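Engineer: Shown below is the structure under consideration.
Residue numbers (full-length UniProt numbering): 1 to 596.
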């Protein structure tokens, strides 16, 4: 069931929002939001009374204008978008020119985020009254939620489904942050420090050592911050202070996987990371998870590998004698992948390989390899990508213009409608649409229920395509958008890559290639008006004044990955899990007209 609702700003409606140092009040939005919902209500009432009338999607769209924002799922609204922008501004300040200090900060923040999740799990506060997380923890929380499927599986697997009831306290944190950058909520700080020895505010010059537990002797090891960062990047090894075994990311993550396999063999409720979600609907499916885990890991040679990397007590006091020789030589991904190949071969010979979900083993490997924290993705990589993306969002638009934020809610609605018509396409959002999408994800349980009710599955978004594929899909999205709505999607020039100096030179050197380029430019010119409007030009459309009432002059122009090159990141070469495109979408329903 989907409902539209009037925006309710509550008691804080007059509180201004800080965007790029400017104060923006929400009071000017109230009357326009109310009039929007009245217009939509009237249209939908007429549609219900006379379903054969022309009061269709195009008529509803005629009521949309920059002055008429929407409220999607009682979550994505002008109020929440402004609050989200304020948080993004704070996140962009988490940076240090010294890359070593910055990576140390992120590595420590990842562990603090795990502490935060344990705090919520153990204290079980009411979802509407949780303490405010530290800023670094908030950054990791937001980045984790944008990896929709891994976030859901991680929280369910590590803590339980009750953790999905905790939404990111966006509006509450924004109200506290309005008191000033240095203001700290005393109650939240007290709760945090009573649960953890960590300071509430994390500083870049924090030189405390990291503590890791050797998975073989179970003794703690203190590691200096720079070594810990290198260890996470699998660039160095560390000799255990107790048993003297060499530890690195390959060994630690392999042992983590084998430990989880052992836990599953002891109790089949402990399914491995990467197996909990149904591959079609992206929902938790314990039956399929248990089936796959049993078929893949319930083998004698898997048990033998676990035995070879487990301690063997001899009764001799000297710690090294507690272990079989060359224990770490057996505990590595080369051996694991060799055993996995043997598993697949055996299943194929027995005719049972068809009973294992496709690509499930590769998902397990992705969730474990070189990752020795409990999460099933590299959260530092996710945070770096998230920061680069949201910084791009801030840099590509006049967010001080209140109409820009209002129009974003409408375009998010339209974008989701487009996915319904083209479920097999990878549609690339513009910056304003992505901001709305990210905002919606901060309410995980609502987002899951919302998209499951509309599409039959949880919608994820593709965030790891190459730049060339992203640009190609963005161009297709622009054409589909114009075909459906008869309006331009973006002012980004799709032909510029074919006009580069290198392509021009190659066209003269190789005439056949020149014909190919000419054909591409002809096709793009043929659809020129569809992209930026009849009679316009890319140059002109990119400089439409922010005061224009044209709904398409106010969107963030360009796909959200433009300028973000993960492979050539200044910080490190990280890559996360693949996503999947949305398949269906919602229609906007008035509260008085409900579809069940």
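Beta carbons are placed, not taken as given, at the ideal position from N, Cα and C, and that holds for glycine. Predicted model, so just to flag it, every value in this text is computed and none were measured.
Where does the unbroken alpha helix (DSSP H) through residue 252 begin, and where does it stop?
Structural biologist: Here residue 252 corresponds to residue number 252 of the chain shown, with the count starting at 1. Counting along the chain, residue 252 sits inside the alpha helix (DSSP H) bounded by residues 249 to 266.
Engineer: Which complete alpha helix (DSSP H) runs does the region 71 to 127 hold, if anything under 4 residues is left out?
Structural biologist: Taken in chain order, the unbroken stretches of alpha helix (DSSP H) that lie wholly in the region 71 to 127 and span 4 residues or more are 78 to 92, 99 to 123.
Engineer: Quick one, which of 282, 163, 153 has its alpha-carbon nearest residue 123's?
Structural biologist: Numbered from 1 along the chain shown, position 123 holds the residue referred to as residue 123. Nearest option by C-alpha distance: 163.
Engineer: List the residues that DSSP assigns as beta-bridge partners of residue 210.
Structural biologist: Residue mapping note: residue 210 aligns to position 210 of the chain shown, counting from 1. Its beta-bridge partners are 223.
Engineer: Using the DSSP secondary-structure output, state which residues sit across from residue 603 in a beta bridge.
Structural biologist: Limits of the chain in this structure are 1 at one end and 596 at the other, which puts residue 603 out of reach.
Engineer: Going by DSSP in three states, residue 430 sits in which element: helix, strand or coil?
Structural biologist: Indexing the chain shown from 1 puts residue 430 at position 430. Strand.
Engineer: Taking residue 364 as the reference, give the member of 269, 275, 126 with the closest Cα.
Structural biologist: The residue labelled residue 364 in the question sits at position 364 within the chain shown. Out of 269, 275, 126, 275 has the C-alpha closest to the C-alpha of residue 364.
Engineer: Exposed or buried, residue 519, counting other C-beta atoms within 10 Å across all chains shown (16 or more means buried)?
Structural biologist: Numbered from 1 along the chain shown, position 519 holds the residue referred to as residue 519. By the neighbour-count rule (16 or more Cβ atoms within 10 Å), residue 519 is not buried but exposed.
Engineer: Excluding five sequence neighbours on each side, which residues of the same chain lie with their C-beta closer than 6 angstroms to the C-beta of residue 306?
Structural biologist: In the chain shown, the residue the question calls residue 306 occupies position 306. Contacts found: 258, 262.
Engineer: Tell me whether residue 364 sits in a helix, a strand or coil according to DSSP, three-state version.
Structural biologist: Against the chain shown, residue 364 aligns to sequence position 364. Residue 364 falls in the helix class under three-state DSSP.
Engineer: Pull up the DSSP beta-bridge partners for residue 284, would you.
Structural biologist: As a working note, residue 284 is residue 284 in the chain shown. According to DSSP, which records beta bridges pairwise, residue 284 is partnered with 277.
Engineer: Am I right that residue 127 and residue 167 are in contact with their C-beta atoms under 8 angstroms? What's the rounded C-beta distance?
Structural biologist: Within the chain shown, numbered from 1, the residue matching residue 127 stands at position 127. Within the chain shown, numbered from 1, the residue matching residue 167 stands at position 167. At roughly 7 angstroms, the Cβ-Cβ gap stays under 8 angstroms, so residue 127 and residue 167 are in contact.
Engineer: Can you say whether residue 423 is buried or exposed, counting buried as having 16 or more other CB atoms within 10 angstroms of its CB?
Structural biologist: Reading the chain shown from its first residue, position 423 is the one you call residue 423. Its Cβ having fewer than 16 others within 10 Å, residue 423 is exposed.
Engineer: For residue 282, does the count of other Cβ atoms within 10 angstroms reach 16, so buried, or fall short, so exposed?
Structural biologist: Here residue 282 refers to the residue found at position 282 of the chain shown. By the neighbour-count rule (16 or more Cβ atoms within 10 Å), residue 282 is buried.
Engineer: Could you tell me whether the Cβ atoms of residue 260 and residue 270 are closer together than 8 angstroms?
Structural biologist: Here residue 260 refers to the residue found at position 260 of the chain shown. Here residue 270 refers to the residue found at position 270 of the chain shown. Going by C-beta atoms, residue 260 is nearer than 8 angstroms to residue 270.
Engineer: Could you name the residues of the same chain whose beta carbon sits closer than 7 angstroms to that of residue 255, not counting the 5 residues immediately before and after it, in chain order?
Structural biologist: Residue 255 sits at position 255 when you count from the first residue of the chain shown. Closer than 7 angstroms at Cβ, skipping near neighbours: 215, 309, 331.
Engineer: Start and end of the alpha helix (DSSP H) containing residue 188?
Structural biologist: For the purposes of this step, residue 188 is identified with residue 188 of the chain shown, where counting begins at 1. Run containing residue 188: 186 to 195, per the alpha helix (DSSP H) assignment.
Engineer: I'd like to know whether the C-beta atoms of residue 382 and residue 376 end up nearer to each other than 8 angstroms.
Structural biologist: Here the question's residue 382 lines up with position 382 in the chain shown. Here the question's residue 376 lines up with position 376 in the chain shown. The answer is no: Cβ separation not under 8 angstroms.
Engineer: Leaving out five residues on either side along the sequence, give the residues of the same chain with a beta carbon under 7 angstroms from the beta carbon of residue 207.
Structural biologist: For the purposes of this step, residue 207 is taken as residue 207 along the chain shown, with counting starting at 1. 225, listed in sequence order.
Engineer: Does DSSP put residue 417 in a helix, in a strand, or in coil?
Structural biologist: Start at 1 with the first residue of the chain shown, and residue 417 comes out as number 417. It is helical.
Engineer: Would you mind listing the alpha helix (DSSP H) stretches within the region 427 to 486 that are 4+ residues and don't spill past its ends, in chain order?
Structural biologist: Runs of the alpha helix (DSSP H) inside the region 427 to 486: 431 to 441, 444 to 455, 467 to 485.
Engineer: By DSSP, does residue 358 sit in helix, in strand, or in coil?
Structural biologist: Indexing the chain shown from 1 puts residue 358 at position 358. Three-state DSSP puts residue 358 in coil, outside helix and strand.
Engineer: Quick check on residue 92: buried or exposed, where buried means 16 or more other Cβ atoms within 10 Å of its Cβ?
Structural biologist: Your numbering for residue 92 matches position 92 in the chain shown. Per the 10 Å Cβ criterion, exposed.
Engineer: In the DSSP assignment, find the unbroken alpha helix (DSSP H) run with residue 218 in it and report its ends.
Structural biologist: As a position in the chain shown, residue 218 is number 218, starting the count at 1. It is not in any alpha helix (DSSP H) - residue 218 carries neither H nor E in the DSSP assignment.
Engineer: Please classify residue 96 as buried or exposed, where buried requires at least 16 neighbouring CB atoms within 10 angstroms.
Structural biologist: Counted from its first residue, the chain shown places residue 96 at position 96. Exposure of residue 96 is indicated by the presence of fewer than 16 other C-beta atoms within 10 angstroms of its C-beta.
Engineer: In three-state DSSP terms, what is residue 489?
Structural biologist: Within the chain shown, residue 489 is the residue found at index 489, counting from 1. Looking at residue 489 - three-state DSSP - the assignment turns out to be coil, as it is neither helix nor strand.
Engineer: Looking only at C-alpha atoms, which of 100, 360, 265 sits nearest to residue 298?
Structural biologist: Here the question's residue 298 lines up with position 298 in the chain shown. Checked all of 100, 360, 265; the closest Cα to residue 298 is 265.
Engineer: Could you say if the region 409 to 417 and the region 171 to 182 meet the contact criterion of at least three C-beta pairs nearer than 8 angstroms?
Structural biologist: No, because fewer than three Cβ pairs between the region 409 to 417 and the region 171 to 182 fall closer than 8 angstroms, the two stretches do not touch.
Engineer: Relative to the alpha-carbon of residue 340, which residue among 99, 359, 327 has its alpha-carbon at the smallest distance?
Structural biologist: For this step, residue 340 is matched to residue 340 along the chain shown. Of the candidates 99, 359, 327, the one whose C-alpha sits nearest the C-alpha of residue 340 is 359.
Engineer: CB-CB under 7 angstroms to residue 204, same chain, minus the five flanking residues each way: which ones, in chain order?
Structural biologist: As a first step, residue 204 is located in the chain shown; it is residue number 204 there, counting from the start. Only 96, 101, 105 meet the Cβ criterion.
Engineer: Got a sec? Which residues, its chain only, sit under 7 angstroms from residue 242 by beta carbon, not counting five neighbours each side?
Structural biologist: Along the chain shown, one-based indexing puts residue 242 at 242. Cβ within range, chain order: 214, 217, 219, 319.
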